[in-house]
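Structure record follows, encoded as structure tokens.
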Ligand code: NAD
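Pasting the structure below:
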């Protein structure tokens, strides 16, 4: 069934039932339209209520129909909305929970709206690079005023029932337990016999309209990192203030179609689907039973351990934290408290939450205290012997079935697993710094990792609001292995004539959250230095620029020493150019006998980004990553790749085109200094280009 129909007294109840989110599929739209007609034809029916099953009114468009003819089949959502709004009997939206996108647009066409106290309402289209396309941008401002409407539409965040009531979006809050409230309201409205339509209202806006929208556009642009959709949202809401309803609706349609066809929306929709796909593993069926995780342990309360513990406490899970150094334990607890205090000050969490979350953290120095943990994540020093001894100790105390995870960035998860008698229970959980903020989690699957361990960790990631991507075991996993090639190219570019400032500017203009040199300074250059020294031994045939080593050898480690590729004023994280670095670079170029040349920004961007792409392709060939989309999810969520470009693989394949990618790589291979061997396009890329040629 897609929509239930029942007449209760004089009220026709139309209840959407299309799990999981009552999406407005073609079948649902057809059923709604036909039930609407039936109710209008029935002389005993005096009013109608539209509602949903469970705790969802409607999540909006049915994403299973995206890009299929069903999405556009008649009746379209716009036609349905017209029919509801012009119905000669009062129609009430009884919002019983989540009400988003097209679902909210449908409710805005109803003559009245009521909602349960736990309802939440949003127009999240902007997150897919779109604007609401079924009247939402024109009706919502008429319901709640321009300010709140613009905020909801341009950010895509939900409001709760209390806010909706205060702003007049709903008439009243109704009981979740009994439908009598809704029926009573419908009967009252039938007696009143009015059918107020939002289209007949004017938008309220206090203050000067032009000044309001100029300021709003500036704010939206600053928050949007070059995204166009939030600006289109502002234009559509402005149209609602300026134009008669039908003209505003036509304007919305025009913008909606423009956005739908834009690369930005294609990229964001790709990311949306890639994120969902990443959660599914071909050889781990969804029916795989999960192990219960009621309490977790974290070992090492340093930078990463602290952030990891906070992520779990934020999700309400109790955490035991084991540290070897009492002072590190104290410092870790103080860091968590100060982080939560500052969230409370900003109003992001309630003031009682700070205490509640602190109470979830139980510090200890003894392994026996971890005996009741269902999962333990180790975040101690990056040293195989240290990690193996931690895993031996865990093996001795943890109950059967507990999951043992490591946060290692570079070590072999299989060798860590081999230190235990239960390698099937060992897995990598590679968090990114700061771990309580960054969404990405690389889940590293060891040779022996059990399927139910993987299924459990993937589900747990969702619980702590992370985006999990599975990686096989290799040096650097997906993200850092690709990053190494990006870093190499950035340093070669310096050797050849670009300045760190030029490279950072070119890549931030491309949309990266941060330029590579500012990033090295932020992360600290000692780790990269140590890795390179190891590489010189391990991979003598691979060429590396040594220019970064020279910087480190001057004691310039980045922000933490006040100097790195840039210099920093005390208490100020803004990078400033430093003539000492210019001199160092010039001296290094002389030493290697390279005459600097002018390098175009375009070359900088393409070399750095296509380096990611070529390594990403090799990672796919080796089966370390399962899908190109997984690689994109890693870069979008862990490395500041511009959302509007959809991730490196999407950018290369869909925005540049694989044949052009090959051409560029072959061009770069002619540059002797920048490792011609690396620039041989991966076989995976050649296969994509061939396929594109056939299509
Ligand atoms: P850190 O030095 O800040 O913290 C390590 C903590 O572990 C210290 O407080 C130390 O006292 C404690 N510790 C060391 N040995 C211990 C033992 N045997 N038992 C109990 N506690 C012990 O280091 P970090 O940056 O948090 O890194 C931790 C791990 O996370 C490393 O494996 C690192 O590669 C990985 N990692 C780091 C980052 C990052 O950006 N810093 C990102 C991802 C992964």
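In this note's numbering, the protein residues as written are -7 to 687.
By construction, the Cβ of each residue, glycine as well, lies at the ideal position given by its N, Cα and C atoms.
As the structure is a prediction and not an experimental result, all values here were calculated from the model.
**Message:** Given 7 angstroms as the limit, tell me if residue 422 has its C-beta closer than that to any heavy atom belonging to the ligand NAD.
**Reply:** Yes.
**Prompt:** In the structure shown, what three-state DSSP assignment does residue 313 receive?
**Reply:** Strand, per DSSP.
**Prompt:** Tell me, which residues are paired with residue 152 by DSSP?
**Reply:** Bridge partners of residue 152: 112.
**Prompt:** the ligand NAD heavy atoms versus the CB of residue 295: any closer than 7 angstroms?
**Reply:** Indeed, a heavy atom of the ligand NAD lies less than 7 angstroms from the Cβ.
**Prompt:** Which residue or residues does DSSP assign as beta-bridge partners of residue 104?
**Reply:** Residue 104 is bridged to 84.
**Request:** Report back the beta-carbon spacing between residue 623 and residue 608 to the nearest angstrom; my notes put them in contact at under 8 angstroms.
**Result:** Between residue 608 and residue 623 the Cβ distance is about 4 angstroms, and since that is below 8 angstroms, they are a contact.
**Message:** Ignoring anything shorter than 4 residues, give me the alpha helix (DSSP H) runs that lie fully in the stretch 581 to 620, in order along the chain.
**Reply:** The stretch 581 to 620 is shown to contain whole alpha helix (DSSP H) runs of 4 or more residues at 593 to 613, in chain order.
**Asked** If you measure from the CB of residue 609, is any heavy atom of the ligand NAD nearer than 7 angstroms?
**Response** No - the ligand NAD has no heavy atom lying nearer than 7 angstroms to the Cβ of residue 609.
**Item:** Other residues of its chain near residue 614: CB distance less than 8 angstroms, five sequence neighbours each side excluded
**Value:** Within the same chain, and ignoring the five residues on either side of residue 614 in sequence, the residues whose Cβ sits closer than 8 angstroms to its Cβ are 464 and 466.
**Asked** Quick one: what's residue 0 bridged to in DSSP?
**Response** Bridge partners of residue 0: 3.
**Request:** In angstroms with no decimal places, state the Cα-to-Cα distance between residue 200 and residue 250.
**Result:** So the two alpha carbons sit approximately 29 angstroms from each other.
**Asked** Between which two residues does the beta strand (DSSP E) carrying residue 91 extend?
**Response** First-last of the beta strand (DSSP E) with residue 91: 90 to 92.
**beta-carbon residue 435 near the ligand NAD non-hydrogen atom, thresh 7 angstroms** = Residue 435: no, Cβ never under 7 angstroms from the ligand NAD.
**Prompt:** Excluding the five sequence neighbours on either side, which residues of its own chain have a C-beta within less than 7 angstroms of the C-beta of residue 436, listed in chain order?
**Reply:** Closer than 7 angstroms at Cβ, skipping near neighbours: 405, 419, 420, 422, 463, 465 and 469.
**Request:** Only counting runs of 4 or more residues, tell me where the alpha helix (DSSP H) segments fall wholly within the stretch 548 to 574, in order along the chain.
**Result:** Listed in chain order, nothing qualifies, since the stretch 548 to 574 has no complete alpha helix (DSSP H) run of 4 or more residues.
**Item:** Given residue 369 as reference, the closest of 290, 33 and 528 once Cα atoms are compared
**Value:** Measuring from the Cα of residue 369, the nearest candidate turns out to be 290.
**Rounded straight-line distance, which links the Cα of residue 564 to that of residue 450** = Each residue's alpha carbon lies about 39 angstroms from the other.
**Item:** C-beta atoms of residue 5 and residue 43 nearer than 8 angstroms
**Value:** Their beta carbons are under 8 angstroms apart, which means residue 5 touches residue 43 by this criterion.
**Prompt:** Between which two residues does the beta strand (DSSP E) carrying residue -7 extend?
**Reply:** No beta strand (DSSP E) contains residue -7, which DSSP labels as neither H nor E.
**Request:** For the alpha helix (DSSP H) containing residue 545, list its first residue and its last residue.
**Result:** First-last of the alpha helix (DSSP H) with residue 545: 539 to 545.
**Check: residue 10 C-beta below 7 angstroms from any heavy atom of the ligand NAD** = No, the beta carbon of residue 10 sits no closer than 7 angstroms to any heavy atom of the ligand NAD.
**Prompt:** Bridge partners of residue 422, per DSSP?
**Reply:** Residue 422 is bridged to 434.
**Request:** Identify the continuous alpha helix (DSSP H) that holds residue 321 and give its terminal residues.
**Result:** Per DSSP, the unbroken alpha helix (DSSP H) holding residue 321 starts and ends at 318 to 337.
**Message:** Counting C-beta neighbours from all protein chains within 10 Å, is the total for residue 253 16 or more, i.e. buried, or is it exposed?
**Reply:** Under the 10 Å beta carbon count, residue 253 is surrounded by fewer than 16 other beta carbons and is classified as exposed.
**Message:** the ligand NAD and residue 224: does any heavy atom of the ligand fall closer than 7 angstroms to the residue's C-beta?
**Reply:** Not under cutoff, so the answer is no.
**Asked** For residue 289, which three-state DSSP category applies?
**Response** The answer is strand: DSSP assigns residue 289 an E or B state.
**Message:** Quick check: is the beta carbon of residue 24 nearer than 8 angstroms to any beta carbon in chain C?
**Reply:** The chain labelled as chain C is not found in the depicted structure, where only one protein chain is given.
**Message:** Could you compute how far the alpha carbon of residue 100 sits from the alpha carbon of residue 242?
**Reply:** Roughly 17 angstroms separates the two Cα atoms.
**Item:** Contact between the stretch 177 to 197 and the stretch 103 to 113 (3+ Cβ pairs under 8 angstroms)
**Value:** Output reads yes: the stretch 103 to 113 touches the stretch 177 to 197.
**Prompt:** Per DSSP, residue 646 forms a beta bridge with which residues?
**Reply:** Looking at the DSSP output, residue 646 shares a beta bridge with no other residue.
**Item:** Rounded separation between residue 274 and residue 560 - CA only
**Value:** For residue 274 and residue 560, the gap between their C-alpha atoms comes out near 48 angstroms.
**Request:** Return the CA-CA distance between residue 357 and residue 314, expressed in angstroms with no decimal places.
**Result:** Computed Cα separation, rounded: 5 angstroms.
**Asked** Leaving out five residues before and five after residue 261 in sequence, what residues of the same chain have Cβ atoms less than 6 angstroms from its Cβ?
**Response** If we look at residue 261 and ignore the five residues flanking it on each side, its Cβ neighbours are 120.
**Asked** DSSP beta-bridge partners for residue 654?
**Response** In the DSSP output, where bridge partners are listed per residue, residue 654 has none listed.
**Asked** Taking contact to mean at least 3 C-beta pairs separated by less than 8 angstroms, is the stretch 124 to 133 in contact with the stretch 182 to 197?
**Response** Verdict: yes, contact present.
**Asked** For residue 271, which three-state DSSP category applies?
**Response** Coil, per DSSP.
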